[in-house]
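Q: Per UniProt numbering, residue 1 is the first one in the sequence shown, and the count goes up by one each step.
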Amino acid sequence: MDLGIRGKKAIVCASSKGLGRGCAMALAEAGVDLVVNGRNAELVAKTAKEIRDRFGVKVTEIVGDVSKPDVQKAILAACPDPDILVNNNGGPPLRDFRELDRAKILEGVTQNMVTPIELIQAVIDGMAKRGFGRIVNITSLSVYVPIPGLDLSSGARAGLTSFLAGVARTVIDRNVTINSLLPGKLDTDRLRGPHEAGTQEDPAAAAARKARISADVPAKRLGTPEEFGQICAFLCSVHAGYLTGQNIPVDGGLYVSAF
1 MDLGIRGKKA IVCASSKGLG RGCAMALAEA GVDLVVNGRN AELVAKTAKE IRDRFGVKVT
61 EIVGDVSKPD VQKAILAACP DPDILVNNNG GPPLRDFREL DRAKILEGVT QNMVTPIELI
121 QAVIDGMAKR GFGRIVNITS LSVYVPIPGL DLSSGARAGL TSFLAGVART VIDRNVTINS
181 LLPGKLDTDR LRGPHEAGTQ EDPAAAAARK ARISADVPAK RLGTPEEFGQ ICAFLCSVHA
241 GYLTGQNIPV DGGLYVSAF
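(1) In terms of residues, what are the limits of the beta strand (DSSP E) holding residue 10?
(2) So within the region 166-209, which uninterrupted beta strand (DSSP E) runs reach at least 3 residues, ignoring any that extend past its ends?
(3) Under the DSSP definition of a beta bridge, which residues are partnered with residue 50?
(4) Is the region 207-214 in contact with the region 244-251, if contact means three or more CB pairs nearer than 8 Å?
(5) For a quick check, are the C-beta atoms of residue 13 and residue 87 less than 7 Å apart?
(6) Tell me which same chain residues have a C-beta within less than 7 Å of the C-beta of residue 71, skipping the five on either side of it?
(7) So, for residue 26: in the same chain, excluding its five sequence neighbours on each side, which residues have a beta-carbon less than 8 Å away from its beta-carbon?
(8) State the DSSP-derived secondary structure class of residue 134, mapped to helix, strand or coil.
(9) So within the region 52-93, which uninterrupted alpha helix (DSSP H) runs reach at least 4 residues, ignoring any that extend past its ends?
(10) Taking residue 163 as the reference, which of 109, 10, 185 has the closest Cα?
(11) Is it buried or exposed for residue 147, if we count other Cβ within 10 angstroms and need 16 for buried?
(12) Taking residue 105 as part of the alpha helix (DSSP H), name the residues at either end of that continuous run.
(13) According to DSSP, is residue 243 part of a helix, a strand, or is it coil?
(14) For residue 160, count the other beta carbons within 10 Å of its own beta carbon; 16 or more makes it buried, fewer makes it exposed. Which is it?
(15) Given this structure, state the Cα-to-Cα distance separating residue 130 from residue 83, to the nearest angstrom.
(16) Where does residue 111 land, buried or exposed, given buried means 16+ other C-beta within 10 angstroms?
(17) Give every residue of the same chain whose Cβ lies closer than 6 Å to the Cβ of residue 142, excluding the five residues on either side of it in the sequence, and list them in chain order.
(18) So residue 38 is in the beta strand (DSSP E); what residue range does that whole segment cover?
(19) Residue 147 bridges to which residues according to DSSP?
(20) Measuring alpha carbon to alpha carbon, tell me which of 258, 239, 178, 31 ends up nearest residue 116.
(21) Could you tell me which residues DSSP pairs with residue 114 in its beta bridges?
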């Protein structure tokens with residue numbers, strides 16, 4: 001399917017690896033020029049080079065934590081009039097809520113609620129004026145299914161979801177959509193657990209780990225960043241202009257609901 005977005009410009013936050021990288025790759029495959037971002041300069045450069053080499057699109061690299069105002073400013077300076085914004089950021093680590101102090105709570109809310117709102121504020125009016133905009137927020141299945149220890153992440157992302165539900169309805173008439181993707185168990189470093197960057201996992205141990213983690217997933221496997229990215233790219237396409245304010249689990253059927 002031709003997504004109809006060749007030549008468009010996208011900002012993809014936290015896109016040097018994992019789900020953000022999957023989204024950047026899928027958009028580049030559709031012919032979109034990109035701003036990619038991440039905290040590790042080496043990983044950002046590696047991802048940017050691979051995208052350029054494979055798809056021949058323009059890629060601008062911005063290194064840093066997207067929740068920091070100076071990094072946001074640099075991203076927006078690199079692409080002041082994006083057609084597409086994919087909000088993504090790492091969540092707070094697994095931690096008993098009793099261990100959270102005010103500073104940690106505010107940091108988590110800033111990373112996973114305030115930051116995407118700030119970026120949306122910066123780009124949404126330009127999108128509306130130009131008559132095209134696609135905003136996709138990568139949140140978490142924990143918005144629907146609470147996970148003990150991820151309370152801060154869940155709360156911040158649920159707050160973002162509720163905040164944007166009304167906003168989405170105010171710009172759809174100008175062909176600007178806002179939707180969220182809720183990843184379940186996908187094969188990223190986050191599910192691998194603590195490990196030294198760049199280390200290779202023993203294939204047998206990796207297979208056993210993935211089988212154990214995915215045992216309760218109806219699909220009986222972990223999702224991949226690549227297929228997640230393709231879903232994101234469709235939401236950014238010209239074909240998805242009548243879909244807004246939705247929260248779409250990408251979870252292999254793990255979230256059980258008839259509605």
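Beta carbons: idealized from backbone N, C-alpha and C, even for Gly.
Bear in mind that the values here come from a model prediction, so they are computed numbers and not experimental data.
A: A quick look at the data gives this:
(1) Translated into positions along the sequence shown, residue 10 becomes position 10. From DSSP, the beta strand (DSSP E) with residue 10 extends over 9-12.
(2) 176-183
(3) Taking the sequence shown and counting its residues from 1, the one referred to as residue 50 is at position 50. In DSSP, residue 50 forms no bridge with anything.
(4) no
(5) On the sequence shown, residue 13 is found 13 positions in, with the first residue counted as 1. On the sequence shown, residue 87 is found 87 positions in, with the first residue counted as 1. A contact, by the Cβ cut-off of 7 Å.
(6) Numbered from 1 along the sequence shown, position 71 holds the residue referred to as residue 71. Closer than 7 Å at the Cβ level, and outside the excluded window around residue 71, lie 62, 64, 65.
(7) Your numbering for residue 26 matches position 26 in the sequence shown. Excluding sequence neighbours, residue 26 sits near 226, 229, 230, 232, 233.
(8) Within the sequence shown, residue 134 is the residue found at index 134, counting from 1. Strand at residue 134.
(9) 69-78
(10) In the sequence shown, counting from the first residue as 1, residue 163 sits at position 163. It is 109 whose Cα lies nearest to the Cα of residue 163.
(11) Looking up residue 147 in the sequence shown gives position 147. Classification for residue 147: exposed.
(12) Within the sequence shown, residue 105 is the residue found at index 105, counting from 1. It spans 102-109 - the alpha helix (DSSP H) in which residue 105 sits, taken as one unbroken run.
(13) As a first step, residue 243 must be located in the sequence shown, where it is residue number 243. Residue state, collapsed to three classes: coil.
(14) As a first step, residue 160 is located in the sequence shown; it is residue number 160 there, counting from the start. Residue 160 should be labelled buried.
(15) Numbered from 1 along the sequence shown, position 130 holds the residue referred to as residue 130. Numbered from 1 along the sequence shown, position 83 holds the residue referred to as residue 83. Cα-Cα distance, rounded: 9 Å.
(16) The count along the sequence shown starts at 1 and reaches residue 111 at position 111. With 16 or more Cβ atoms within 10 Å of its Cβ, residue 111 is classed as buried.
(17) Working through the sequence shown from its first residue, we reach residue 142 at position 142. The residues are 150, 154.
(18) Residue mapping note: residue 38 aligns to position 38 of the sequence shown, counting from 1. Its beta strand (DSSP E) spans residues 33-38.
(19) As a working mapping, residue 147 is identified with position 147 in the sequence shown. DSSP output for residue 147 lists no bridge partner at all.
(20) The residue given as residue 116 occupies position 116 in the sequence shown. It is 178 whose Cα lies nearest to the Cα of residue 116.
(21) Position 114 of the sequence shown, counted from the first residue, corresponds to residue 114. Paired residue(s): none; residue 114 is not in a bridge.
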